[in-house]
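Below you'll find the structure, written out as structure tokens, and then a few comments.
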Amino acid sequence: MPDVLEPSIGVQPQPSDGSSVLSPLPPATVTDERAARRTLLDQVERLEHELSSLFISTWPRKGFELSVPARGGPRVLTLGELEGLRDDLARRAQDARRSLSDRTYVEEQSRRRIEEMLLEPEKHRWVRVSNEDIGEPGCKHWHVTPRWGVLGYLMNWWRVKISSGCPLAPGRGRRPRPAPRFTVGRGLRP
Amino acid sequence: MSGTADPALERGWVAAELADDFPGLELWIAGVHAGSGRSPQSVRIRLRALAGRITGGHVVHMRQDPVPWAYRVLWRQVGLDPDVNRPPAERIAVERLRAGGIPSQNLLDDALTIATLETGVGVVAFDTGLVGTALGLRLTSTGEQLGGTGRALGPRQIVIADEDCPLATLDGEVAEERGVTRATRATVLAAIRARNVPAISVEEALWTVAETLLTED
């Protein structure tokens, strides 16, 4: 029953002899986009909230891409642009969520490793775990080293050394020497 | 127009197509009989104290504070990237981290900075004599220029406008020829209220600017 099922709304009937193909008629009514626009704007709001939460969850970790490019605003975006924005935000949030999940799994492993190092340092010789490996800010690290140097190495006496943090700022260095009063080719300085 | 620190607040008009998309978007206006000039000592001290309260952690979490968050959402919905073109409060806070402080510029800019940092609401200022009487929010049409003679604006941009021309963009760019100068004796303050921003925050922002502009040494 193809004649019954084929849609015919907005399409001009074709002549029976097939002499010419006519273009579809434009719709007679203007579509009200307000409801669709409102829904998309709400979705953008929710996704922006999710991205903000993800930004705070990922901080101070590095390597997460959370930005979504601007659309040349401030202006009222078209329905298509809003859909594109919504899709980009959703994709970015999904990628960030997945990356954060992977990263936190690795960090959990590192935390467990620190506990094992502290319990049995001799089984984790020379292993070093830093704050960055467990998703924390700062320069602290846990390092398994032999107690008393070579003796501890030979006797299998191992311990975990915990660093005290970031190195101090180097300062501004020595004061520069004053420049000579005479400069070749320029005479006496004022 | 008011010569007191509590000026009467008015609501500007909002174009229908804008109100359809952004229910809750409003423009609040206040007039003050004051111009700019050098900041008195008390204002500079207040600015320094505010700068001292901003830390890295504060800036990171700022995007989840209710007011900056509401502007961040609005920025996103109008096609801006709030991580590049930051909402007012975030912009000042990030700049404070970058520069290591908030240097005093002039009385008006200091007043706007203080109000924005304390409330999260961005405020723009115009010379009363250089703008019309009815300010509002609307979309631009093709070929319009900021301030009537400034840079060209694209179609359907969201602007603060008077009866004649666009005066400022939504993100706070004010037309140079309509802004406050040394000769200004009266100032119009305008603040955009995004959805979910409490009315009291906008009132507080406008009152703070007015109060600061009327500060005496």
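Going down the list, the protein sequences come from chains C and G. Read in order, the letters of the first sequence correspond to residues 1 to 190 in this note's numbering. Read in order, the letters of the second sequence correspond to residues 1001 to 1217 in this note's numbering. Ideal placement from N, C-alpha and C gives every residue a C-beta, glycine not left out.
Residue 124 of chain C counts as buried, since no fewer than 16 other beta carbons sit within 10 angstroms of its beta carbon. Residues of the segment 1068-1085 of chain G with a C-beta atom less than 9 Å from some C-beta of chain C are 1069, 1072, 1073, 1074, 1075, 1076, 1077, 1078, 1079, 1080, 1081, 1082, 1083, 1084, 1085, listed in chain order. Contact between residue 85 of chain C and residue 44 of chain C holds, with the beta-carbon distance rounding to 6 Å and staying under 8 Å.
A distance of 7 Å or more separates the beta carbons of residue 1179 of chain G and residue 1107 of chain G.
At least one CB of chain G lies nearer than 7 Å to the CB of residue 70 of chain C. Closest by C-alpha distance to residue 1019 of chain G, out of G:1208, G:1204, G:1192, is G:1192.
Under the 10 Å beta carbon count, residue 151 of chain C is surrounded by fewer than 16 other beta carbons and is classified as exposed. The C-beta of residue 1059 of chain G comes no closer than 7 Å to any C-beta of chain C.
As computed with DSSP, residue 1187 of chain G is found in a beta bridge with G:1032, G:1127.
Here residue 1029 of chain G is not near residue 1130 of chain G, since their CB atoms are 7 Å or more apart. Across the set G:1154, G:1044, G:1059, G:1197, the C-alpha of G:1154 shows the shortest separation from the C-alpha of residue 74 of chain C. Separation of residue 1054 of chain G and residue 154 of chain C (C-alpha to C-alpha, rounded to the nearest whole angstrom) is 53 Å. Using beta-carbon distances, residue 1116 of chain G does not count as an interface residue toward chain C, since no partner is under 7 Å.
None of the residues of the segment 114-139 of chain C has a beta carbon lying less than 7 Å from any beta carbon of chain G. Rounded to whole angstroms, residue 1082 of chain G and residue 1195 of chain G show a C-alpha spacing of 16 Å. Within the segment 40-58 of chain C, those residues whose Cβ lies closer than 8 Å to any Cβ of chain G are, in chain order, 41, 44, 45, 48, 49, 52, 53, 55, 56.
Interface annotation for the segment 1150-1168 of chain G against chain C: 1154, 1156, 1157, 1158, criterion Cβ-Cβ distance under 7 Å. Interface annotation, residue 1097 of chain G: not in contact with chain C, CB-CB separation never under 7 Å. For residue 1026 of chain G, the pairing in a beta bridge is given by DSSP as G:1193.
Taking the Cα of residue 146 of chain C as reference, the smallest distance to any Cα among C:81, C:127, C:57 is reached at C:127. A distance below 6 Å between beta-carbons, with the five flanking residues on each side excluded, links residue 1121 of chain G to the following residues of its chain, in chain order: 1191, 1201, 1202, 1205.
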